[in-house]
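These notes concern the structure reproduced below.
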Amino acid sequence: MNNMNLIQRTLGVLLVCLICLGPAGALAKDMRQSFAVQAENRARMEETARQELARARAEAQERTRQIKQDKEALTAAIQDLKNRNKVLEKDNQELVQRVQDRQAVRDSLLEELALSRAENRELSGFIRSAAKDLEALLIQSPQSALSENRHRFLAPVIHEDRFPSMADIRAMADAWFHEITAAGQVRTVPGTIIDRQGLEQEARILMLGNFTGIYVLESADAREPEVGFLLYSDASQRFFALSRLPEAGTVGRIQAYLAGKRPDVPVDISRGTALRQYTLELDLADQIPKGGPIVWPILGILGLALVILLERLVFFFRKQMKSEPFMDQLRSLVAGGDWEGCEALCRSRKNKWIPRILLTALAFRDHSRQDMENALQEAILGEIPAIERFVSTLGMLAAIAPLLGLLGTVTGMINTFHVITYYGAGDPKMMSGGISEALVTTMLGLTVAIPIMLFHTLLSRRVETQIGQMEEKAVAFVNMVFKARNDCRP
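Residue numbers (this note's numbering): 568 to 1057.
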């Protein structure tokens, strides 16, 4: 409809233009002719307009039809697109749901993966830590000296960036159990050791678990095999013979154990610490020269005290006798009035104290009790100097020895301070001489003084006991004589 109105307005405009454009002179000359021409032109233009109108209408109808077709097609397409959009939206929702589900599954799997990786890292770290502990155990174990490179299989587990395999774990478990088994065994095996001269030697090794190793080294030059203790070195994983051989008694016990004659054997439960300390121990002969010149007077006191003690022991042993049987014999002779027999009995044992003092009293048997007691007291007093000889000397020596040790301590400290004055305190070895002198003299002085004081006390007690026994037997003899004299009176 809009197209038709447009066509009519167009035709009207064209007619007006044609009328206005006609020549003015022609209109004046022949209005009729002009009108006819105009009518013809008008008719022709109307025909043209009708044709154009028909064409326009046809075109409009065609365009309307096409528009309708296009509209219908577009409507169908829109509906199809809407349907497809709905399908796509539905598919999209399904895909979104599937993506969300997959995302949830992915998150769950990632969480499980992270947890699994964390567990694997923890397990791997635990296994590597256990492998390091096992490596340290195998390196420190004396059993490694008998089996070279026991811990080498642990290097890939400890150092490589990979998860340990079951074969690695089984190998570690086997090594653990083998070490536990070997640590509880006592066995004799052949092996290579470094002897005391630093040479490799093949020896028979007695392994007492992981505590102590003992070697028996056969030598063609020696009549007896060398028996000693072994020290294990972690650095080289080898056995080294202890630089100091054990004492003869210890060697005998070891050989008896190896021969099956003893059920026990010396063991160092400190796994080498005590043996290393044993090698550092100094004998008394090694320590004495470190005490300086004060040591020799202390040793002189010790020698003098030993001589005195030996002399006193011999003296008391020679003078000692069983007094009760002797007094019983003497009592029977006195009761029978056999004074000559009493004198003969006392003379037969004149070298003993009691018979000698009683022999003196027999000469006063006819005198008064006071005279006889005085004679016995005089005889006892005469024996006391011999009995008490050197007792006070021992006491004096016991007092002098620690004083000399103290003097050595003072001189040693003076020497130490002199060293510090000249050389400073940076090197302890420079000060060790004076400190050794101070300590050795003190130790030696006390070592000498303590037994001397002990023997002095025992000897003093023995002297008092002997004097008391002599006085007791003297009183008993006086009573015995006067009882016999009273019995003989009518």
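Even glycine gets a Cβ: it sits at the ideal position worked out from N, Cα and C.
Here the alpha carbons of T840 and A872 stand approximately 39 Å from one another. Contact between the stretch 1008–1016 and the stretch 964–976 is present: 3 or more CB-CB pairs across the two stretches fall below 8 Å.
A direct Cα-to-Cα measurement between L812 and P757 gives close to 20 Å. When the five nearest sequence neighbours on each side are left out, the beta carbons in the same chain lying within less than 8 Å of the beta carbon of L971 are those of I861, P864, I865, I868, T1008 and G1012, in order along the chain. Less than 7 Å separates the beta-carbon of I706 from that of D801. A residue is called buried when at least 16 other Cβ atoms come within 10 angstroms of its Cβ; M733 does not meet this threshold and is exposed. The Cβ neighbour count for V663, taken over all protein chains shown within 10 Å, is under 16; the residue is labelled exposed. One thing to note: P922 has its Cβ within 7 Å of the Cβ of C913.
For P892, the closest of R916, F884, V832 and F882 by C-alpha to C-alpha distance is R916. D735 and R684 have their C-alpha atoms roughly 19 Å apart. Counting along the chain, V832 sits inside no alpha helix (DSSP H), nor does DSSP assign it H or E at all.
By the CB criterion at 7 Å, E955 and V1030 fall inside the cutoff.
Straight through space, the alpha carbons of S1003 and M1020 are spaced by roughly 25 Å. Under a 10 Å Cβ-count criterion, T1024 is classified as exposed, with fewer than 16 other Cβ atoms of the shown protein chains found around its own Cβ. One thing to note: P709 has its Cβ within 7 Å of the Cβ of Y799. Counting the other Cβ atoms within 10 Å of the Cβ of Y782 gives 16 or more, which makes it buried.
In the structure shown, the three-state DSSP call for E814 is coil. For R879, the enclosing alpha helix (DSSP H) starts and ends at V862 to K886.
Boundaries for I855: no alpha helix (DSSP H) harbours it, and the DSSP string shows neither H nor E there. The DSSP-derived three-state label of R729 is coil. Within the same chain, and ignoring the five residues on either side of E769 in sequence, the residues whose Cβ sits closer than 7 Å to its Cβ are P757 and T759.
Taken in chain order, the unbroken stretches of beta strand (DSSP E) that lie wholly in the stretch 739–784 and span 3 residues or more are 753–761, 767–775 and 779–784.
With 16 or more other Cβ atoms inside 10 Å of its own Cβ, F806 counts as buried. Contact between the stretch 933–953 and the stretch 1026–1044 is present, with at least three C-beta pairs closer than 8 Å. A826 sits in coil when the DSSP states are folded into three classes, being neither helix nor strand. Rounded to the nearest whole angstrom, the C-alpha separation of A823 and A750 is 23 Å.
Looking at R898, I987 and F884, the one whose alpha-carbon comes closest to that of L929 is R898.
Per DSSP, the beta bridge partners of V794 are V783.
For F893, the enclosing alpha helix (DSSP H) stretches over residues S890 to A902. Cα atoms of F720 and A698: separation of roughly 10 Å, rounded to the nearest angstrom. Using a Cβ distance threshold of 7 Å, G780 and L766 do not count as a contacting pair. Straight through space, the alpha carbons of N716 and S691 are spaced by roughly 24 Å. DSSP links A808 through a beta bridge to L797. Spatial neighbours of E814 in its own chain (CB-CB distance under 7 Å, excluding positions within 5 residues in sequence) are not present. Of A681, I645, A1051 and G819, the smallest CA-CA separation from D905 is found for A1051. Around the CB of V1048, 16 or more other CB atoms lie within 10 Å, so the residue is classed as buried.
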